[in-house]
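Chains as they are written, first to last, in this note's numbering: chain D, 110 to 814; chain S, 110 to 814.
For every residue, glycine included, the Cβ atom is placed at its ideal position computed from N, Cα and C.
For clarity, every value in this text was computed on a predicted model and none was experimentally measured.
Worksheet for the structure shown next.
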């Protein structure tokens, strides 16, 4: 059980660093009273939203847990506990991380104003690292605790072992359920507020972004934290947990000691593979910690190269550590369905193929969304012909950007499958996520820098402060593109891993899953359509919030005397309240559909059609996830490119057109795209947890037709 | 062979009516010299484009035919002839139809100005019916001629029979290839010209639509004919032919006298089913002719109810005739893969389920795109918050509108499959398309009415003439929505039918097609991505043309003195030339990808992954086809709804926002959506034709991994 203790140790180490970073950030100066007041408003708004969001989600979690306990024939008490635990773990990581980013922001602003770039970067990355290391630390500790609590490693009876391991699936389901609501709720919140603030402020009233007179600005800044930090953290925590659990299930079910043929003798091999996974996860945490320290130490040079360098160092170290861990292993496996034999180095290459394809997807995102390359420059040019052509250009950029990532994913699954069968696909997904700690640290750094800029603007600090925070923000955008690539890629792999685990657990016969079967075709069509339906609901929720926000901001500009002259204060609370309510309301229907679909399809159409539904949703989900992320990113940066002075610069017709494009792209990249990533994982993991129940179903509809 | 003669007779009858309608339309007055001149410009522009488009396509057709003859081991001379014949048939129908609509338009305008609504409707529907009846008449005659030429019915040796029937697949491939280029080329032409004309004319210069001073207006009107008439005709001709051929192949390959067990004794049953299909097609032509006459006779009342009535009458008559034909049949079949026995009434219900689901899809399209219902009204309201929210609203409307059609398709395939196995799915697709003659007549009527309005505007005729043509146009839009539903639904079914025919012809084992296989998963992902890639290329082509058009119109407004005062004439020829070149250039890459994908995937990944690629493309293709059609239609009608005086009416902020939305939606509904429908059919039919070649492949890549 050495691997488990290693995992526990790495998790605890991560949390120790988190505590150190928290102390260090909190010891920093907050600046003037105005800055403190603004920061306080953001903190209060964010905390209030998170509290209410958590209450909503808790109700859903409790209802599901009760159902699981009631249907103990299929799930039982252990699964219910795992499930609640998974949700709790995700909630804790989100709460810790977000509390910290809403405190690091103002301190970053102050450091930028008094001590310059290096100090500011240092605080911002510490704030981000609290989120990043909390995510991996808490998630890994939580998983190891469950493995201990259910005495999985003490079990030597094959059937009981598989059953005990199965209860841990619900841990991933808890984290996933939490993530969907956090991402959808946070995403709706942030983009509705952002669009509302921009539409009236920038477009109608002609005042700058983050202007203190705009009552929606605080809500917008709260949104950055609840959406981009808490939502993103929950998203990657979920992928991280799922990729590990999918690999564990695959180790136990697809190889020739799986299900039917697992014996008391070879059960030790499954345990070895599980320990390997936990050990590599521990290595990933060490590497991420080293990566974060590299950023902090090399920050005096170029912030861009510091962040990129940290990310690469974490990846390379992980690969080296993985090789060492695997080298000490003595297993080889036989895949049951094919009879192929795979050695331990097959595991290694599977993990590497996942890491490399993640980097490729990241670079493609970067290519399509950075203004240094042709696509965004051409998009900016097309804005000269007005908003319609700009929007069409942005949509077509996103559509096209799915090509290379899909090819990269296809090759990664082909290679990892050739190296270690279906287990290889699971390990590829895990490989991509081993450095989650570093990725989330860098990604959470972004909103801190963004917020810091907002506070500088609202507090009326000198131009040069804003310049520093803007540079920090711009650097964050580039690394965030790579992080986004990992998020999308990992969602794709995690979903594929879970799907494979689902298929191997249900024991459906291969010929029943044939594409030529009506049951499969019906499922593919329904599943393929789901991401479109959920996207539509999310767009609508953002639209509704933005609509209300616009009305409210217009009302305040009209009714609050002296506001535009800067003599009166805007009523930010009402805007925060509108955003909170709209987000909570808007997340329920898409979340509900995601939860209920596996159950409804399973009962009406049976487990075969459900498998096909999952596949359909994964295929379209991956593609539109990439499309929306890059359409939105491209339109955002096309606007920035024009603002840098190209095609007429700020105030030109091209700029106006690009603002429309950016506003269309905002909910695509920050609400819909990320939520769709979670949708496909959540549906897959719910199906996996439901396997004991689904196995008894045949699908009501087939009795009719 | 009675069925074949019946088919031939029905086709000849359709062509006789076509000749009568042509004579009748040409005998009508063309109006003043100005009107004649405008009409002549449209005719010349349209004919010039068609000529050049046909030359481009001919080159592609000849190259492919030569390859087929060269690779005679797999295809042979017969297939090459069928292929060229299919392309020729489609070209002829398009040429006849479009020549006529470009002559009916000005005569409709004149009739509206002198004789009123009824006369105008009469000419417009005659013009449309020339296209509609040519499509079905020529297609059916062409098919029957092939069946005679290859002596399919004289063949009693089972293997030779299947082989001879197989050569006819290439007939569908020819029609399909032609359709893709016609739809994509025509679609790019019409929307690039439309956007270019509107962006400078309406938005920048503030002159009305179809204003004679705008040099892009002629190109826009040409576009209506080459895109909405010739393109749509080729599209439905293809679906019509494919649904028949897919059903024939399925009759020969999936039932228990199929492939391996077809004997000299029971071969007669396959022939009976083929005759049944041809006979029902003949009945559909009779019904369509009666439907067209109903419209002409009842036109004095309400034009809306006349067109809808004609469509319903054609559908009901077809169902009745089908019942009579099937009743006289004496077959029952056993499906080979399942062992299920299906009676002749199973065929009937399969056909009926296709027709009913087509009507449901049509109504859903209508619900989401007509301003009489809530979605468009809400969309119009959201335009009050500016163009960005309007565009997001339009996108989300389209995304959501895919839900019910997909469910309708799922139930139709489940029901038809339960009634007659895989043959049932083919028959459902055929059922939907039996009344193609009527559907195309009504759909082609639309552009005639639209053009008539344009001519009235350009010729400066009195307001009341424009009112009549506008009403004719509005009626056309409603019935076109139903027609569009049929086009999408039928594409879905035709593709599924072809796919099933492909799967049954390759003889791939069921377990090799399992969703859990890496070969299948890789194909699904690649195929699912293709419609996104092709969409992107089409959007870009439209964008490029619009960009050039905008530059040119701006140039003419700037450089031609006296143009804005109406003293000088615009240079319409240059605009027509830009549109022609851009469209021909833009259609080549997406067309090429569609043709090459089955070949490249087949060679690199083998026939199993190709099957999955087709399935992936069909699933996402159906959904984004519906999404784009309804997003575009919804945004178009939201604009019209605002123009009727809602939310501030013309000139309001909401109206400006809706113009942006409409411009974004235009290429979605008229270029991308329809082309994607054809893409999935074309890839499927190419794969079907390539079966003899593909059967020998294993996929190069699997030797590496």
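For residue i, tell me which candidate among the options has the shortest Cα-Cα distance.
{"i": "residue 452(D)", "options": "508(D), 378(D), 524(D), 528(D)", "result": "528(D)"}
{"i": "residue 607(D)", "options": "594(D), 419(D), 720(D)", "result": "720(D)"}
{"i": "residue 467(S)", "options": "735(S), 775(S), 303(S)", "result": "735(S)"}
{"i": "residue 159(D)", "options": "601(D), 470(D), 343(D)", "result": "343(D)"}
{"i": "residue 119(D)", "options": "242(D), 194(D), 629(D), 192(D)", "result": "242(D)"}
{"i": "residue 286(S)", "options": "809(S), 805(S), 786(S), 811(S)", "result": "786(S)"}
{"i": "residue 704(D)", "options": "394(D), 224(D), 173(D), 132(D)", "result": "173(D)"}
Indicate whether at least one CB of chain D lies closer than 8 Å to the CB of residue i.
{"i": "residue 95(S)", "result": "Outside the shown range of chain S (110 to 814) lies residue 95(S), about which nothing can therefore be said."}
{"i": "residue 474(S)", "result": "no"}
{"i": "residue 509(S)", "result": "yes"}
{"i": "residue 721(S)", "result": "yes"}
{"i": "residue 649(S)", "result": "yes"}
{"i": "residue 622(S)", "result": "yes"}
{"i": "residue 526(S)", "result": "yes"}
{"i": "residue 609(S)", "result": "yes"}
{"i": "residue 615(S)", "result": "no"}
Verify whether the separation of the beta carbon atoms of residue i and residue j is less than 8 Å.
{"i": "residue 641(D)", "j": "residue 314(D)", "result": "no"}
{"i": "residue 706(D)", "j": "residue 638(D)", "result": "no"}
{"i": "residue 346(D)", "j": "residue 293(D)", "result": "no"}
{"i": "residue 732(S)", "j": "residue 511(S)", "result": "yes"}
{"i": "residue 845(S)", "j": "residue 208(S)", "result": "Because chain S spans 110 through 814 in this model, residue 845(S) falls outside it and cannot be assessed."}
{"i": "residue 570(D)", "j": "residue 222(D)", "result": "yes"}
{"i": "residue 645(D)", "j": "residue 405(S)", "result": "no"}
{"i": "residue 334(D)", "j": "residue 679(D)", "result": "no"}
{"i": "residue 803(S)", "j": "residue 724(S)", "result": "no"}
{"i": "residue 86(D)", "j": "residue 799(D)", "result": "Since the first residue shown for chain D is 110 and the last is 814, residue 86(D) is missing from the structure and cannot be characterised."}
{"i": "residue 747(S)", "j": "residue 474(S)", "result": "no"}
{"i": "residue 797(D)", "j": "residue 611(D)", "result": "yes"}
Counting only beta-carbon separations shorter than 8 Å, does residue i have a partner in chain S?
{"i": "residue 635(D)", "result": "yes"}
{"i": "residue 619(D)", "result": "yes"}
{"i": "residue 308(D)", "result": "yes"}
{"i": "residue 627(D)", "result": "yes"}
{"i": "residue 152(D)", "result": "no"}
{"i": "residue 496(D)", "result": "yes"}
{"i": "residue 522(D)", "result": "yes"}
{"i": "residue 296(D)", "result": "no"}
{"i": "residue 736(D)", "result": "yes"}
For residue i, which beta-bridge partners are listed by DSSP?
{"i": "residue 441(S)", "result": "452(S)"}
{"i": "residue 623(S)", "result": "623(D)"}
For residue i, which residues of its own chain have a beta-carbon under 6 Å away from its beta-carbon, when the five flanking residues on both sides are left out?
{"i": "residue 764(S)", "result": "751"}
{"i": "residue 238(S)", "result": "130, 401, 550"}
{"i": "residue 368(S)", "result": "Low local confidence applies: a pLDDT of 40 at residue 368(S) is under 50, so the model's placement there is unreliable, with the coordinate-based value given in what follows. If we look at residue 368(S) and ignore the five residues flanking it on each side, its Cβ neighbours are 362."}
{"i": "residue 498(D)", "result": "491"}
{"i": "residue 624(D)", "result": "none"}
{"i": "residue 300(S)", "result": "651, 775, 776, 779, 780"}
Check whether the Cβ of residue i lies closer than 7 Å to any heavy atom of the ligand MN, and answer yes or no.
{"i": "residue 770(S)", "result": "The ligand content of the structure shown is nil, which means the ligand MN is not present either."}
If you drop the 5 nearest sequence neighbours on each side, which residues of the same chain put their C-beta closer than 8 Å to that of residue i?
{"i": "residue 609(S)", "result": "355, 359, 363, 531, 534, 535"}
Taking 7 Å as the limit between beta carbons, can you name the residues of its chain near residue i, skipping five residues before and five after?
{"i": "residue 438(D)", "result": "381, 385, 453"}
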